[in-house]
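Numbering (mature numbering (1 follows the signal peptide of the UniProt record, and there is no 0)), first residue to last: -27 to -1, 1 to 273. Read the structure below first, then the notes.
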Amino acid sequence: MRAVLRGLLGVALVASAVVAVSSPAGAVGDAEWEIRVFMCSSPSLIGCEKRTATGAQKRAVRTLLEGLPEVEEVRFFDRAGMYASFRRDFATNKPLLREITAKDFSEAFVLRVKEGADRESLVRTVNARPGVAWVSDAAAGQRDHLSWTSEWDGSIFLCTAGSAAKPCVKGRGEANKKAATARERAAMVAALAKDPAVLSYVFEDQRTAYENFKDDFAGNEALLSISEMRDMPESYRLTLRSGADWNTVTNRMARMPGVSWATNARCFETVAKLAREYGIDSASPLVGDGSPDACVSGTG
């Protein structure tokens, strides 16, 4: 249970270490198309309970959406349309284009919502409808501490004692399952110091990480109630050269002994955009955590 908790807190820490900048929705919509309703086009999607949305369910959802007073306009995009827009948005990310195919996309309704509408209520109402996989509200990121924050371009998180992360439990010899050792830290510092893409870096210990965590999530009592200082991984916080490939930096560091996982702001935004605008939630910005990697070297 403690290992699972550390993983969840780790995701929160990563989110609080990078900036997810909102971007236009390309051909599928624009800044006004803020709420997306992803249908169960595949029974394997989260929230679909191994069922595919029927024609009747799709029509019922459209009727509901068009009848809601807070919704100004509803547009429908089939899987082919979503896939075509995805390929335009990520045209330069060839590895991602190879990894994600047309069958990975859901059909979706894209909504324009009136100013002042109760968006949370709308999302809850639509999420409860049969045939709906999940609902993405782009505006939620502006309210949620898990989708924004500070000055760091990248973060390298170190192994903690007892970590269940794969990079921490094997391949390190006698250091397996232990916190990052002094020798491992020295190697990390040497790698950062000689990397021309790294402008500067600072070390963040557990106490500092915990204090920053409490500040970032001051309004989230549920998360704070299950958080302890020992759950906080130590890290190196990076300022990176704007013209460099940030994914190359974090991918290289993620392979070093004693590193649990690593990420950067550009990678985080790629993953956030995939989920927010296209309903693709299988990727992860945490290099080294075993999830499909949307941020290979040379793409960021």
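The beta carbon of each residue, even a glycine, is placed where N, CA and C say it ideally should be. Note that the coordinates shown come from a computational prediction; the quantities given were computed from them, not determined experimentally.
Have a look at residue i and residue j and give me their C-alpha separation to the nearest angstrom.
| i | j | result |
| --- | --- | --- |
| residue 49 | residue 12 | 11 angstroms |
| residue 207 | residue 166 | 18 angstroms |
| residue 193 | residue 205 | 17 angstroms |
| residue 175 | residue 125 | 10 angstroms |
| residue 111 | residue 179 | 32 angstroms |
| residue 229 | residue 243 | 24 angstroms |
| residue 240 | residue 113 | 20 angstroms |
| residue 60 | residue 73 | 10 angstroms |
| residue 68 | residue 184 | 38 angstroms |
| residue 156 | residue 232 | 12 angstroms |
Can you tell me whether residue i is buried or exposed? The criterion is at least 16 other CB atoms within 10 Å of its CB, across all chains shown.
| i | result |
| --- | --- |
| residue 129 | buried |
| residue 14 | buried |
| residue 81 | buried |
| residue 146 | exposed |
| residue 200 | buried |
| residue 100 | exposed |
| residue 202 | exposed |
| residue 189 | buried |
| residue 39 | exposed |
| residue 273 | buried |
Quick check on this structure: which residue in the options has the alpha carbon closest to the alpha carbon of residue i?
| i | options | result |
| --- | --- | --- |
| residue 253 | 216, 188, 108 and 33 | 108 |
| residue 211 | 245, 171, 191 and 230 | 171 |
| residue 133 | 148, 248 and 213 | 148 |
| residue 214 | 227, 238, 191 and 197 | 238 |
One question on the structure: do residue i and residue j come within less than 8 angstroms of each other, judged by their Cβ atoms?
| i | j | result |
| --- | --- | --- |
| residue 268 | residue 220 | yes |
| residue 70 | residue 63 | yes |
| residue 28 | residue 106 | no |
| residue 92 | residue 83 | no |
| residue 227 | residue 235 | yes |
| residue 53 | residue 75 | yes |
| residue 102 | residue 37 | yes |
DSSP state of residue i, grouped into three classes?
| i | result |
| --- | --- |
| residue 149 | coil |
| residue 235 | strand |
| residue 58 | helix |
| residue 109 | strand |
| residue 82 | strand |
| residue 96 | helix |
| residue 242 | helix |
For a test of your reading of the model: does the CB of residue i fall under 7 angstroms from any non-hydrogen atom of the ligand SAH? Yes or no.
| i | result |
| --- | --- |
| residue 188 | By its list of ligands, the structure shown contains no ligand whatsoever, and the ligand SAH lies outside what it can speak to. |
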